[in-house]
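Below is one structure, written out as structure tokens; the observations come after it.
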Amino acid sequence: MTLLGEFRRLCLIIRVFFNYGLGELVPNVAVLRIVCRLFFWLPNRHKDKPLGERLRLALQQLGPVWIKFGQMMSTRRDLFSTEIADQLTLLQDRVAPFDGSLARQCIESAMGAPLATWFDDFDQQALASASIAQVHRARLKSNGQEVVLKVIRPNIRPIIKADIRLMYRLAKWIPKLLPDSRRLRPYEVVKEYEKTLFDELNLLREAANAIQLRRNFKNSSTLYIPKVYSDLCRENVLVMERIYGIPVSDITALEQNGTNMKLLAERGVQVFFTQVFRDNFFHADMHPGNIFVSYQHPQDPLYIGIDFGIVGALNKADKRYLAENFVAFFNRDYQRVAELHLHSGWVPDDTNVEDFEFAIRTLCEPIFAKPLAEISFGHLLLNLFNTARRFNMEIQPQLVLLQKTLLYIEGLGRQLYPKLDLWATAKPFLENWLRDQSGLCALLQTLKQKIPLWAEKFPELPELVYDSLQQHKKLRQSLDHLSLQLKKQQQQGKAHYLLNVGVTLLVSGTLLQLIGQHEALSIGLIIVGVWMWIVAWKRV
Numbered sequence: 001m002t003l004l005g006e007f008r009r010l011c012l013i014i015r016v017f018f019n020y021g022l023g024e025l026v027p028n029v030a031v032l033r034i035v036c037r038l039f040f041w042l043p044n045r046h047k048d049k050p051l052g053e054r055l056r057l058a059l060q061q062l063g064p065v066w067i068k069f070g071q072m073m074s075t076r077r078d079l080f081s082t083e084i085a086d087q088l089t090l091l092q093d094r095v096a097p098f099d100g101s102l103a104r105q106c107i108e109s110a111m112g113a114p115l116a117t118w119f120d121d122f123d124q125q126a127l128a129s130a131s132i133a134q135v136h137r138a139r140l141k142s143n144g145q146e147v148v149l150k151v152i153r154p155n156i157r158p159i160i161k162a163d164i165r166l167m168y169r170l171a172k173w174i175p176k177l178l179p180d181s182r183r184l185r186p187y188e189v190v191k192e193y194e195k196t197l198f199d200e201l202n203l204l205r206e207a208a209n210a211i212q213l214r215r216n217f218k219n220s221s222t223l224y225i226p227k228v229y230s231d232l233c234r235e236n237v238l239v240m241e242r243i244y245g246i247p248v249s250d251i252t253a254l255e256q257n258g259t260n261m262k263l264l265a266e267r268g269v270q271v272f273f274t275q276v277f278r279d280n281f282f283h284a285d286m287h288p289g290n291i292f293v294s295y296q297h298p299q300d301p302l303y304i305g306i307d308f309g310i311v312g313a314l315n316k317a318d319k320r321y322l323a324e325n326f327v328a329f330f331n332r333d334y335q336r337v338a339e340l341h342l343h344s345g346w347v348p349d350d351t352n353v354e355d356f357e358f359a360i361r362t363l364c365e366p367i368f369a370k371p372l373a374e375i376s377f378g379h380l381l382l383n384l385f386n387t388a389r390r391f392n393m394e395i396q397p398q399l400v401l402l403q404k405t406l407l408y409i410e411g412l413g414r415q416l417y418p419k420l421d422l423w424a425t426a427k428p429f430l431e432n433w434l435r436d437q438s439g440l441c442a443l444l445q446t447l448k449q450k451i452p453l454w455a456e457k458f459p460e461l462p463e464l465v466y467d468s469l470q471q472h473k474k475l476r477q478s479l480d481h482l483s484l485q486l487k488k489q490q491q492q493g494k495a496h497y498l499l500n501v502g503v504t505l506l507v508s509g510t511l512l513q514l515i516g517q518h519e520a521l522s523i524g525l526i527i528v529g530v531w532m533w534i535v536a537w538k539r540v
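The sequence shown maps to residues 1 to 540 in the UniProt record's numbering.
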């Protein structure tokens, strides 16, 4: 997109912002208020609507990037009023759908034939509609199985590209205007966000993610993943088993169904940590619109997950580092937390560990042994920001997805069971995981993984040993030859040096003899020069 296109997009964002009367959300800072007054000619055209609805409609009009932001914020009821949070929740699966006949055209174009070839009872009215795609009901012609067809919104890619380009430009400007923001690494964060958004546009990737998650939780009593019909999937079309469940955000329906809310909340935490640490493959878009609870066995509740466009994974070092940090937090071992941050490189090497430990202790000690309902996360976030700024802590882009998912999990916990003891639920799991990473169990697990490879390579071992010995012999010969060449070059270098010095002495002595001065010295120089010349000649 051209610079002019980016400017137009920025103008549209500003116009939408003020046309929905969102200026009242701007902090009461003099500079920001002056900027807002510059746009006095953009009046609020929706004065009849409450603030929460205006915010939702504005985000919805701006498109997928902004809707995704609203989805994440909808889980943070501790940061927003109930009226705003309820409106943002509607962005999770109630975004205005596009025309059903257009959805049919998109699906048929992708599959290369009429829908009747594979499906019966296709419903052109969308079952659910989100920021990037919408879902329609149908039935498989082959076996009558109820399925849903997910189709990407048409012409959405240019809109996403425009917003991402604008975000990149802002990410370059912000550190120049606000030097303290450099530690937040806005450019890297935007880059990671771009990757996740464009991954969502490829439904073949989502199909593969769903298949992997379904395999990881096969026969699980905590999480069910619907079946994907991969032979019917395309890049912009996904066909999946239809599920029936209660939206996890519908607390009233869950209670009426007799759901064990405490166990449900605890299992949400367990599912998350299992995905991150056991499987190293976690659902990274776990907002309430993507999570349901089965109607069956309400006292033994079962989660049902959908929408797998965004998944995350961590390397082995990140997983161990995070687990050790969590356990150190749970044990209130703040010195260990400070040391882990230092060793990981998240804070500079010259950081004073004692000062950092004290800052973490001051921040975290008040929140322990409290239920979620009594914790002021707004105050905690403010303190985290101040601590990060003080110690030059940098945001780690590779953990952005994990951080976002933790926000979702925490938000769900608050809604399901405000008295949930998050620490008591997670600590045993993490301690067991860390114990499994060392000692005899870890050794046996490593052997179990490596033995098949070793067994495969064992018949080749004699040949590999012979080849290794031959290569060693050739290498030794090459090194001996190289050493000989270097020694010869060194001797030749010394010979040339002696030759040059000898000639110089010989010429000097001859000149002194010719002019009749210092006869003894001249004779000595001539004798030494001749001797050095003879030695040099022999070496060459």
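Ideal Cβ placement from N, Cα and C applies to all residues, glycine included.
Collapsing the DSSP output to three states places residue 321 in a helix. A distance below 7 angstroms separates the beta carbons of residue 430 and residue 323. The C-beta of residue 74 has 16 or more other C-beta atoms within 10 Å across all chains shown, which makes the residue buried. Ranked by Cα distance from residue 45, the options 61, 231, 16, 113 are led by 16. Remark: C-beta atoms of residue 356 and residue 329 do not approach each other more closely than 7 angstroms. Remark: three or more beta-carbon pairs, one from each stretch, lie closer than 8 angstroms, so the region 133-151 and the region 107-119 are flagged as touching. The straight-line gap separating the alpha-carbon atoms of residue 418 and residue 69 is approximately 24 angstroms. Rounded to whole angstroms, the Cβ separation of residue 71 and residue 91 is 5 angstroms, and the two are in contact under 8 angstroms. Assignment of alpha helix (DSSP H) within the region 164-245, counting only whole runs of 4 or more residues, yields 186-200, 203-216 in chain order.
Annotated three-state conformation of residue 289 is helix, per DSSP. Taking the Cα of residue 293 as reference, the smallest distance to any Cα among 218, 305, 285, 287 is reached at 305. Residue 131 counts as buried, since no fewer than 16 other beta carbons sit within 10 angstroms of its beta carbon.
The way I'd put it, the region 165-175 doesn't touch the region 258-278; fewer than three beta-carbon pairs between them come closer than 8 angstroms. Using a Cβ distance threshold of 7 angstroms, residue 228 and residue 291 do not count as a contacting pair. Taking a contact to require three or more Cβ pairs closer than 8 angstroms, the region 335-350 and the region 235-246 do not qualify as touching. Note: residue 134 is bridge-paired with 129, 151 in the DSSP secondary-structure output. For residue 52, the enclosing alpha helix (DSSP H) begins and ends at 51-62. Annotation note: the region 410-442 contains the following uninterrupted alpha helix (DSSP H) runs of length 4 or greater, listed N- to C-terminal: 422-436.
Under DSSP, residue 311 takes part in a beta bridge, and its partners are 283. Here residue 20 carries a coil assignment [DSSP, helix/strand/coil]. Rounded to the nearest whole angstrom, the CA to CA distance from residue 416 to residue 251 is 7 angstroms. Excluding its 5 nearest sequence neighbours in each direction, residue 272 has C-beta neighbours in its own chain below 6 angstroms: 409, listed in chain order.
Straight across, the Cα-Cα distance linking residue 64 with residue 459 is about 56 angstroms. Distances from the alpha-carbon of residue 84 to those of 256, 106, 171, 51 put 51 closest. Across the set 365, 327, 220, 437, the C-alpha of 437 shows the shortest separation from the C-alpha of residue 316.
Taking C-beta separations shorter than 6 angstroms and ignoring five residues to either side along the sequence, the partners of residue 279 in its chain run 216, following chain order. In the structure shown, the three-state DSSP call for residue 306 is coil.
By the neighbour-count criterion, in which 16 or more other beta carbons inside 10 Å mark a residue as buried, residue 136 falls on the buried side.
Judged by DSSP secondary structure, residue 357 falls within the alpha helix (DSSP H) whose first and last residues are 353-364. Close CB contacts of residue 168 within its chain, under the 6 angstroms cut and outside five residues either way in sequence, are with 190 (chain order). Counting of Cβ neighbours within 10 angstroms places residue 426 among the buried residues, the total reaching 16 or more. 7 angstroms or more divides the Cβ of residue 147 from the Cβ of residue 103.
Comparing C-alpha distances from residue 362 to each of 81, 170, 342, 338 shows the shortest one belongs to 338. Take residue 49, set aside five residues on each side of it, and no residue of its chain has a beta-carbon closer than 7 angstroms to its own.
Residue 54 counts as buried, since at least 16 other C-beta atoms from the protein chains shown sit within 10 angstroms of its C-beta.
A direct Cα-to-Cα measurement between residue 89 and residue 359 gives close to 35 angstroms.
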